[in-house]
Amino acid sequence: MAAAERFEAALPGGAFAPDPVPDDGPFSDGGAFFASRNVTPPAAFRASTPAGAGGWLTVESYTRRAGASTRDLAEVVPDPADPANHALRITSRAHTDATVLRPSAPLPARYRISVRVGFPSFGDGVAGGLNGYDGPADAGPWWPGEDATRQNGFYWLTILDRLPRPHVNTWIHHHRKVVVDSDNHYPPWMEIWDGGRFVWSGEHPVMLFALDGTQPGAERTGPPFLSYSDGAWQPSGAIRAVDAYLPDTWYRVTIERDGPRYTVEVSGRFRYGGEQTYRATIDAAAACVFHYPVDAAEAAGAARCVDEGAFASVGPAYPRWPAGGVWPDWFMLGDPHVNYYEGSVLYDDLVLETWRD
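No gaps in the numbering here: position 126 of the sequence shown is 317 in my numbering, and each next residue is one more.
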């Protein structure tokens, strides 16, 4: 075990400062893509606070609410299933709040990261309601006029190719490698495996997927999904959830990387499968999982994945997969979207393991 955080002590105090609008590439809040659409990022506030033993973790939060406290967005609280235990609660009181937990340094080439995730309250995907929002919400200024209440969710655990922090939702779509997340939505644009067939539903889906680096994807949504469901990796672009979660329940999610091979596991009590463990392994090199190389040796084996093309809106300075590209892994959990998602979720018993030489 390389590091662990049990969330028994309060988080260190942090303070919001005016958002410097970090330049995290063409799809970040003030990046080339949104500049081409004449979008100006709103006035906002950002806080970045070390956490865990030796500061191995970082909590980063974003809000547009002047006077907000960082503890409004991330706080250690009693576990509702066991008051003697404590857990990290990440809360977005408004859809313009966002908080992520990440490592303070990139991950090694071989690791296992595991965390308990529970009691999510980020909407329900049911028609006719506000999907967990307090009232109407707009996805602007990046996507003005779009109803943010049509989507609500959170990230259980994901691996990114760049330092994770809160951004417009489009940003993360261009930086994911392997993901476990949930997006409650209506009308449904995904299918859930109910144990016998795929049903169209956006109610509490558990998505387990990698990103297909063999396809250019789209500016707004990034590379297409390689979803795992019904015991198999589904065709590229099929958006299919492995099951549906229950709201007042704890789960454990694990992502392991053994060289260019990822194994993702989610266990707990699900709506359709009952008490269950879903486990899937993907050879990232063979499948060209988006931006999988973490070092020069892996990059040398990724020649067939290279795509020097770029989206017209951002220009040739930003190829989708440049030759020799290396992208160390970062894990992230929480709500990374500064223009979507409103609610709360708990995390506990975060463990990072690495291989001995």
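Using N, Cα and C, we set each Cβ at its ideal position, and we do this for glycine too.
Treat the numbers as computed from the prediction; the structure is a model and nothing was measured.
Residues bridged to residue i (per DSSP)
i: T290; result: S252 and D526
i: M398; result: D372
i: A478; result: Note: A478 sits in no beta bridge, so no partner.
i: E544; result: R303
i: D270; result: D273
i: H358; result: H528
i: E196; result: L541
i: Y453; result: R448 and I473
i: D167; result: This structure leaves residue 167 out entirely; the chain is present only between 192 and 548.
i: Q467; result: G459
i: Y346; result: D372 and G525
CB of residue i within 7 Å of CB of residue j, strictly
i: L348; j: V444; result: yes
i: Q342; j: D385; result: no
i: S305; j: W247; result: no
i: A223; j: V505; result: yes
i: H482; j: A435; result: no
i: D539; j: R262; result: no
i: F218; j: I350; result: no
i: A244; j: V250; result: no
i: A201; j: V268; result: no
i: L402; j: R448; result: no
Assigned exposure category for residue i - 16 Cβ within 10 Å defines buried
i: E533; result: buried
i: E196; result: buried
i: N229; result: exposed
i: R388; result: exposed
i: G314; result: buried
i: R356; result: buried
i: L237; result: It is worth fixing the name first, because residue 237 is Arg in this sequence and not Leu. So R237 ends up on the buried side.
i: T340; result: buried
i: M192; result: exposed
i: P311; result: buried
i: P513; result: exposed
i: G204; result: exposed
Nearest-angstrom beta carbon gap, residue j and residue i [assumed within contact, 8 Å]
i: H364; j: T412; result: 5 Å
i: I383; j: A432; result: 4 Å
i: D253; j: D210; result: Note on residue identity: the sequence assigns Tyr, not Asp, to residue 253. Contact holds; Cβ gap of about 7 Å.
i: A265; j: W441; result: Actually they do not touch by this definition, with Cβ atoms about 19 Å apart.
i: L543; j: Y302; result: 6 Å
i: G500; j: P407; result: 6 Å
message: Whether or not the segment 469-488 and the segment 325-339 are in contact is what I'm after, with contact meaning three or more pairs of Cβ atoms, one per stretch, closer than 8 Å; do they touch?
response: no
- prompt: Using 8 Å as the threshold, is the segment 510-527 in touch with the segment 284-299, meaning 3 or more CB pairs across them?
  reply: yes
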